[in-house]
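Numbering of the sequence shown is given in full-length UniProt numbering, commencing with residue 1 and proceeding in unit increments.
Ideal Cβ placement from N, Cα and C applies to all residues, glycine included.
Note that the structure is predicted; figures quoted are calculated from it, not measured.
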Amino acid sequence: MLRSLFAGISGLRVNQTMLDVTGNNIANANTTGFKSSSAVFSDTLSQMLTAASGENAERGGTNPIQVGLGVQLAATMTNLNQGSAQTTGRATDLMIQGDGFFVVQDGEEELYTRAGAFTFDETGTLVTPSGMRVQDVNGNDITIDMDNLQSYSIGKDGVIRGVDVNGDPWTGPTLAIADFPNPMGLERAGDTAFRVSANSGDPVIGSAGTGGNGTIMSGALEMSNVDLAAEFTNLILAQRGFQASSRVITTSDQVLEDLVNIKR
């Protein structure tokens, strides 16, 4: 009887986690570069009541008799499918078409993001909205002298090109693009950024359009890849799973009550 109670409790926990994951996805439906997640469940170890037996001279083989002990959270899977493009017309708004991440520096830590809402600060350094510095292929901050340029643009290859005050063509740094052996293994670091984990593999740094990296679209941003229709369906599934697990606990409690009162 207690097995059903604990199984019901485990169902409450994992379905609450599914609600948490789904709620976070919906909250970030309009977050630039956000990648949605999904909760994956697995059963827990089963209690062995009777082990399997092989065939012998007297009788045939028998299958094991086992009772499950509930459910557990196996993983939260990141959906890395590309989000839709939103045209902004700003030269420093960048979107990666294909695989890869922008490389940014947050203090001493290197992070990776798909959110390309960048701008040049007062020193001419390309930064994220939170001030993280965008890196070039050599691992340096991208800094240009705005006073020495008439105009500039960022190409599909990530190279910053422009025209200087004398009317001569100018070529600047190249944005770094990072790829990973297992990008789904990256750890979320906040600010729509990721960091390396033990299962992501080391970053492979290159330029856009090379080595399997995507190309860069200037003047556009990658929007969230959250599918609201799917997320609302997941809300219903998590709610029904939570209710069903609650009913298991309620029913087990009623049976226990009947057992306690059976002598009366």
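{"Asked": "SER38 to GLU222 span [Cα, whole Å]", "Found": "20 Å"}
{"Asked": "Complete runs of the beta strand (DSSP E) confined to the UniProt domain \"Flagellar hook protein FlgE/F/G-like D1\" (95-160) [at least 3 residues]", "Found": "101-106, 109-113, 149-154"}
{"Asked": "Cβ-Cβ distance between LEU199 and GLY185 below 7 Å", "Found": "Leu is not the amino acid found at residue 199; the sequence shown has Asn there. Yes, Cβ-Cβ distance for ASN199 and GLY185 is below 7 Å."}
{"Asked": "Runs of beta strand (DSSP E) wholly within the segment 167-243 (minimum 3 residues, chain order)", "Found": "169-174, 177-179, 187-190, 193-195, 204-206, 215-218, 220-222"}
{"Asked": "Per-residue DSSP class, three states only, for LEU45", "Found": "coil"}
{"Asked": "Reduced DSSP secondary structure (H/G/I, E/B, other) of ALA27", "Found": "helix"}
{"Asked": "Three-state secondary structure (DSSP) of THR62", "Found": "strand"}
{"Asked": "Beta-carbon separation (whole angstroms), ASN25 vs VAL226, contact threshold 8 Å", "Found": "5 Å"}
{"Asked": "Selected residue, minimal CA-CA separation from ASP179, among ARG188, SER4, THR17, ILE205", "Found": "ILE205"}
{"Asked": "Rounded separation between GLY155 and THR233 - CA only", "Found": "40 Å"}
{"Asked": "Residue environment, residue 274, which counts as buried when at least 16 other CB atoms sit within 10 Å", "Found": "Residue 274 falls outside the range modelled here, since the chain spans only 1 to 264, and no answer is possible."}
{"Asked": "Three-pair Cβ contact test at 8 Å for the segment 66-76 versus the segment 10-22", "Found": "yes"}
{"Asked": "Coarse secondary structure for GLN86, derived from DSSP in three states", "Found": "strand"}
{"Asked": "For THR32, the first and last residue of its enclosing beta strand (DSSP E)", "Found": "Careful: THR32 lies outside any beta strand (DSSP E) and carries neither H nor E."}
{"Asked": "Closest Cα partner of ASN166 within the set ILE177, LEU2, LEU175, ASN148", "Found": "ASN148"}
{"Asked": "Continuous beta strand (DSSP E) stretch holding LEU73: start and end", "Found": "71-78"}
{"Asked": "Contact check, SER207 vs VAL137, beta carbons under 7 Å", "Found": "yes"}
{"Asked": "Exposed unless 16 or more other CB atoms sit within 10 angstroms - verdict on ILE216", "Found": "buried"}
{"Asked": "Same chain only: Cβ atoms within 7 Å of ALA29, ignoring 5 sequence neighbours per side", "Found": "SER224, VAL226, LEU228"}
{"Asked": "CB-CB length for ASP99 against ASN182, believed under 8 Å", "Found": "That belief does not hold up - the Cβ atoms of ASP99 and ASN182 are roughly 12 Å apart, past 8 Å."}
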